[in-house]
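Data first, discussion second: the structure below is written as structure tokens.
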Amino acid sequence: MKFGVIVFPGSNCDHDAFYAVSRNLGQKAEFIWHDSSSLGDVDAVILPGGFAYGDYLRCGAIAKFSPVMGAVRRFAGSGGLVLGICNGFQILVEAGLLPGALIRNRGLKFICREVRLRTETVNSPFTNCAQKGQILRIPIAHGEGCYFADQPTLEELEAEDRVLFRYVGNPNGSLNDIAGILNRGRNVMGMMPHPERASEPLLGSSDGLTVFQSVLRAVVKA
Amino acid sequence: MTAHPPELIAQHQLTPSEYGKIVDILGREPSYTELGIFSVMWSEHCSYKSSRLHLKKLPTRGRLVVQGPGENAGIIDIGGGYVIAFKIESHNHPSFIEPFQGAATGVGGILRDIFTMGARPIAVLDSLRFGRPDDLGTGARNRRILGGVVGGIAHYGNCFGVPTVGGETIFEPCYDGNPLVNVFALGICKKEDIFYAKAAGVGNPVIYVGARTGRDGIHGASMASAEFTEESKQKRPNVQVGDPFMEKLLLEACLEAMHTGAIVGIQDMGAAGLTCSTCEMGSRGEVGIEIELDQVPQRETGMTPYEIMLSESQERMLLVADKGREEEVFRVFRKWGLEAVEIGLVTGDGKLRVRHHGQVVAEIPNRELADEAPLYDRPHTQPPRAGLIPDYPATKLQRTLPAMLGAPDICSKHWIWEQYDSQVRTNTVAGPERTDAAILRIKETGTSIAMSLDGNGRYAFLSPREGAKLAVAECCRNLSTVGARPVAATNCLNFGNPERPEIMAQLVEAIEGIAEACTFFDTPITGGNVSLYNETLGEGIYPTPVLGIVGTLKTGEPVTIPFKNAGRKVMLLGGIGECDDTRFGGTQYAKEFIKELWGLPPALDMEYERRVQFAIRKIIAEGLAESAHDLSDGGLAVALAECSFGPGAIGALIDLDSDLRPEMLAFHEGPSRILISTEFPNKVAAIAEKYEIEAPVVGVTIEKGLEIRQRTITLGAWEIAALKTAYMQAFETYVR
Chain A
11 MKFGVIVFPG
21 SNCDHDAFYA
31 VSRNLGQKAE
41 FIWHDSSSLG
51 DVDAVILPGG
61 FAYGDYLRCG
71 AIAKFSPVMG
81 AVRRFAGSGG
91 LVLGICNGFQ
101 ILVEAGLLPG
111 ALIRNRGLKF
121 ICREVRLRTE
131 TVNSPFTNCA
141 QKGQILRIPI
151 AHGEGCYFAD
161 QPTLEELEAE
171 DRVLFRYVGN
181 PNGSLNDIAG
191 ILNRGRNVMG
201 MMPHPERASE
211 PLLGSSDGLT
221 VFQSVLRAVV
231 KA
Chain B
6 MTAHPPELIA
16 QHQLTPSEYG
26 KIVDILGREP
36 SYTELGIFSV
46 MWSEHCSYKS
56 SRLHLKKLPT
66 RGRLVVQGPG
76 ENAGIIDIGG
86 GYVIAFKIES
96 HNHPSFIEPF
106 QGAATGVGGI
116 LRDIFTMGAR
126 PIAVLDSLRF
136 GRPDDLGTGA
146 RNRRILGGVV
156 GGIAHYGNCF
166 GVPTVGGETI
176 FEPCYDGNPL
186 VNVFALGICK
196 KEDIFYAKAA
206 GVGNPVIYVG
216 ARTGRDGIHG
226 ASMASAEFTE
236 ESKQKRPNVQ
246 VGDPFMEKLL
256 LEACLEAMHT
266 GAIVGIQDMG
276 AAGLTCSTCE
286 MGSRGEVGIE
296 IELDQVPQRE
306 TGMTPYEIML
316 SESQERMLLV
326 ADKGREEEVF
336 RVFRKWGLEA
346 VEIGLVTGDG
356 KLRVRHHGQV
366 VAEIPNRELA
376 DEAPLYDRPH
386 TQPPRAGLIP
396 DYPATKLQRT
406 LPAMLGAPDI
416 CSKHWIWEQY
426 DSQVRTNTVA
436 GPERTDAAIL
446 RIKETGTSIA
456 MSLDGNGRYA
466 FLSPREGAKL
476 AVAECCRNLS
486 TVGARPVAAT
496 NCLNFGNPER
506 PEIMAQLVEA
516 IEGIAEACTF
526 FDTPITGGNV
536 SLYNETLGEG
546 IYPTPVLGIV
556 GTLKTGEPVT
566 IPFKNAGRKV
576 MLLGGIGECD
586 DTRFGGTQYA
596 KEFIKELWGL
606 PPALDMEYER
616 RVQFAIRKII
626 AEGLAESAHD
636 LSDGGLAVAL
646 AECSFGPGAI
656 GALIDLDSDL
666 RPEMLAFHEG
676 PSRILISTEF
686 PNKVAAIAEK
696 YEIEAPVVGV
706 TIEKGLEIRQ
716 RTITLGAWEI
726 AALKTAYMQA
736 FETYVR
């Protein structure tokens with residue numbers, strides 16, 4: 011299969027995502043520049059971590075207006091698989107492709123460390139290789155990763171089994187310990203932790219590879 | 006042109022004789038703009054006029070050195086067709102005046118030094134010194150500076166996308182009014198892709214790229230070349246404001262533009278901004294440079310030539326392109342949304358000629374300006390010596406070890422480093438506090454590198470020469486403990502006012518100590534930075550030479566600090582070591598429990614140190630060690646505790662065969678010692694014997710507890726969980 015990795019000028023985890031899916035997962039991958047209006051022939055697209063346009067205003071607030079986001083919207087609308095990691099999650103939320111908001115960490119500081127995530131649903135193209143309840147060790151690195159949504163939204167996410175991962179030991183104050191969610195169509199996901207940083211034993215964990223393996227399985231099956 | 010009044014010359018921190026030299030060079034009185042240009046280029050910060058004579062003593066050549074001092078960064082060959090560029094720089098003065106932006110732009114400056122060479126930055130480490138956060142008088146300000154500096158480093162590095170993988174943070178009252186922020190950065194590139202900051206080719210266009218020029222940071226370099234007084238706090242406008250997103254764009258655009266092949270030379274605009282970049286590039290290439298300031302992108306109106314030339318606005322680069330290929334360069338910068346403007350051209354007359362509205366406002370020979378700055382052989386006498394050996398009472402290790410683990414210098418600094426992205430670029434094999442040196446794998450070559458920063462102001466105060474040698478030895482030992490072979494070094498020399506002979510003596514002795522040790526350990530100095538005048542209201546800092554050393558190793562799972570399994574033998578490579586009252590005065594124990602500083606730093610035997618390092622590298626290479634940790638601040642007891650803080654809570658039962666007094670046995674800081682746990686004590690012993698070093702088995706690993714005995718008498722026994730809590734949570738209580 012082929013992954014597309016979106017490159018905003020301030021993306022800085024683009025190469026990491028590319029490396030994880032090409033070298034560690036062994037699939038094809040290509041970079042997609044932020045002013046492209048098409049995603050080409052990719053099977054899944056990754057919005058990587060970083061600071062898309064500096065994020066001095068609000069994370070992802072400018073990125074949602076970039077040309078490539080039109081293409082991402084169309085791709086998602088037609089059922090394409092979209093993964094937003096960290097800043098990518100923030101952008102998807104700003105773009106309205108996922109509900110809620112990501113606000114400053116409760117401690118008001120950037121946090122970079124490994125966390126443990128509980129896999130809440132395996133009914134998704136991003137977790138179909140995991141076991142329900144499986145604990146994954148994956149790092150976080152963000153200043154604005156506190157997931158926030160109004161009560162009806164939270165209830166909807168819970169009722170529709172759209173919480174993908176929950177923190178075990180909430181690092182940032184996210185409501186309901188939410189670390190990752192799905193859209194209603196279950197083809198768009200966002201997560202604050204970085205699976206691409208936990209995709210080989212040398213770096214301390216390969217639990218993150220499960221996410222990419224799940225995507226591969228979903229695409230191959232389809 | 007008429008002579009400038011003496012007050013104006015003094016304001017520019019030029020002495021009458023320096024001014025006379027300027028008049029000689031020009032053959033006339035300088036214009037106001039020229040006066041400003043000379044004042045920044047001949048400032049201590051840019052010209053190294055007090056230290057240059059002595060810096061020549063440093064070893065700078067080696068088999069792997071591709072580029073030594075004199076460029077934006079040093080470069081060494083790591084094989085496989087790749088090189089690494091690295092350097093350390095200080096941003097002490099700005100970080101005191103405005104901690105957040107001061108530290109942020111310190112990171113920005115050193116990152117530009119790296120990518121100016123064509124290398125993509127892949128690691129940052131920082132060495133920080135602050136006043137004590139728990140001081141009743143100055144603590145609040147020290148905490149504010151600490152919080153600001155850490156926030157600034159995080160802000161810049163995280164957004165730029167370079168991992169901050171290690172460093173050190175030390176607290177002493179002498180840094181109250183003068184914090185030290187030393188930032189080390191390292192980048193990688195293909196050997197054939199190295200770029201130099203050299204102008205060439207008469208008629209080639211000179212191109213300005215990046216952020217616009219504003220009035221920020223004017224005279225920053227001169228500010229960094231003076232002591233602090235009460236008025237210094239008013240110098241906040243001299244501190245620049247950083248924009249890490251702009252820097253990230255500049256990085257990508259510069260690397261891409263370099264690949265077009267249309268760039269001849271490139272230099273960042275750091276200290277002394279446009280002035281420094283133009284005359285240095287001209288001087289290195291032995292050519293002239295002529296620029297028209299009307300073309301310089303400006304973010305404010307009405308800027309004078311003086312202001313434009315001296316501005317230290319951040320995120321700017323100057324490059325020389327091949328004539329006729331400008332458009333290739335412009336195209337890349339347009340893609341990244343950056344301004345790139347032709348502001349002048351390379352000439353054949355060796356002069357820096359600056360025009361404003363067509364009128365020449367400065368015309369100075371590049372070489373004289375950049376390389377003929379005054380050189381001083383400042384008088385140096387004896388470094389100040391510390392006081393007499395005090396009487397100090399016996400204490401109970403049972404109580405002192407937990408207290409020591411919570412001391413600001415010793416305790417876990419996760420509050421600091423968790424604010425840094427230590428993993429971006431997915432190369433970090435071992436980040437902060439996992440090993441003694443940070444380890445990065447290099448995807449391009451399949452090999453790895455290790456990096457360590459070290460400096461100990463207390464040691465260097467007691468003996469600048471020995472303190473400097475100890476810093477080199479410690480850095481090399483940190484690298485060896487992770488199995489890396491030390492290959493090259495950079496240094497940051499933080500000292501007080503060199504015009505005081507006893508301070509100058511500290512500087513001279515420290516440089517000679519570094520020279521001796523770096524020669525001995527075969528780690529040539531490839532670049533660095535000198536920061537003088539670190540004094541506030543006449544109060545100097547401890548002399549603080551900080552070393553950054555890089556090593557190479559095979560890629561693999563790292564041997565980390567914590568014990569892994571119970572029932573393993575604990576061995577102390579190098580042995581328990583010697584200490585006496587004189588050599589105990591620089592230790593953390595003396596600092597925390599006796600609250601004095603006296604005598605001499607720990608004694609270093611470099612021959613023995615080298616053999617210990619050979620031995621540990623062999624032990625690591627043969628896979629004989631399950632854990633490894635070198636002894637440093639806090640000595641054996643602290644190292645044993647740190648080895649016990651792994652996820653498995655494996656501690657040790659230790660029995661030490663020594664007649665040292667217990668405080669000394671537990672806490673002396675003799676070098677050349679490394680703790681390992683092993684399943685193969687006999688094989689380790691055989692290696693130790695081969696290298697003629699001591700390697701006593703001092704105990705065995707056990708579950709959940711740590712107990713230290715001296716000849717069967719228990720000095721202390723603790724639950725690991727309690728010690729770990731003291732170690733992990735102390736820092737948060739200091740910064741709250």
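Residue numbers (this note's numbering), protein chains in the order written: chain A, 11 to 232; chain B, 6 to 741. We put the beta carbon where it would ideally sit given N, CA and C, even for glycine. None of these values were measured; they are calculated from a predicted model.
Is the distance from the Cβ of residue i to the Cβ of residue j below 7 Å?
| i | j | result |
| --- | --- | --- |
| Phe200/B | Gly123/B | yes |
| Gly355/B | Val269/B | no |
| Glu668/B | Thr592/B | no |
| Gly59/A | Asn97/A | yes |
| Gln319/B | Gly219/B | no |
| Gly114/B | Gly215/B | no |
| Thr7/B | Ala367/B | no |
| Arg742/B | Gly582/B | The structure shown has nothing for residue 742/B, since chain B only spans 6 to 741. |
| Leu402/B | Ala731/B | no |
Counting only beta-carbon atoms, is residue i nearer than 7 Å to chain A?
| i | result |
| --- | --- |
| Ala159/B | yes |
| Lys253/B | yes |
| Gln106/B | no |
| Gln245/B | no |
| Gly166/B | yes |
| Phe101/B | no |
| Asp426/B | yes |
Any beta carbon of chain B sitting closer than 7 Å to that of residue i?
| i | result |
| --- | --- |
| Leu212/A | yes |
| Phe231/A | In the sequence as displayed, the identity of residue 231/A is Lys instead of Phe. No, because no Cβ of chain B sits closer than 7 Å to the Cβ of Lys231/A. |
| Gly155/A | no |
| Ile121/A | yes |
| Gly20/A | yes |
| Arg68/A | no |
| Pro149/A | yes |
| Arg207/A | yes |
| Asp217/A | no |
| Gly98/A | no |
| Gly64/A | yes |
| Asp171/A | no |
| Asp26/A | yes |
Can you round the beta-carbon distance between residue i and residue j to whole angstroms, since I take them to be within the 8 Å contact cut?
| i | j | result |
| --- | --- | --- |
| Gly436/B | Gln424/B | About 13 Å separates the two Cβ atoms, so there is no contact after all. |
| Ala90/B | Cys179/B | No, Ala90/B and Cys179/B are not in contact; Cβ-Cβ is about 33 Å, not under 8 Å. |
| Ser48/B | Arg383/B | Ser48/B to Arg383/B, Cβ: 15 Å. No contact. |
| Ala109/B | Ile158/B | 7 Å |
| Asp131/B | Thr169/B | 7 Å |
Along the alpha helix (DSSP H) that carries residue i, what are the first and last residues, could you check?
| i | result |
| --- | --- |
| Val4/B | Residue 4/B lies beyond the residue range present for chain B, which begins at 6 and ends at 741; the question has no answer from this structure. |
| Cys51/B | 49-52 |
| Thr549/B | Counting along the chain, Thr549/B falls outside any alpha helix (DSSP H), though it belongs to the beta strand (DSSP E) covering 549-559. |
Provide the residue span of the beta strand (DSSP E) that contains residue i, from first to last.
| i | result |
| --- | --- |
| Ala399/B | Neither: Ala399/B is in no beta strand (DSSP E) and is coded neither H nor E. |
| Arg4/B | Coverage of chain B is limited to positions 6 through 741, which leaves residue 4/B absent and any answer about it impossible. |
| Asp221/B | Counting along the chain, Asp221/B falls outside any beta strand (DSSP E), and DSSP gives it neither H nor E. |
| Lys38/A | 38-43 |
| Met199/A | 198-201 |
| Trp723/B | 718-724 |
| Glu124/A | 121-129 |
Check each candidate in the options and name the one with the smallest Cα separation from residue i.
| i | options | result |
| --- | --- | --- |
| Glu2/B | Asn209/B, Gly215/B, Pro398/B | Beyond the ends of chain B as shown, which are 6 and 741, falls residue 2/B; an answer cannot be given. |
| Ser46/A | Arg68/A, Gly64/A, Arg83/A, Ala30/A | Arg83/A |
| Ser36/B | Val359/B, Glu173/B, Phe338/B | Val359/B |
| Ser88/A | Leu67/A, Leu49/A, Ala111/A | Leu49/A |
Just to check, is the beta-carbon of residue i closer than 6 Å to a non-hydrogen atom of the ligand FMN?
| i | result |
| --- | --- |
| Pro178/B | Questions concerning the ligand FMN fall outside what the structure shown contains, since it holds no ligand whatsoever. |
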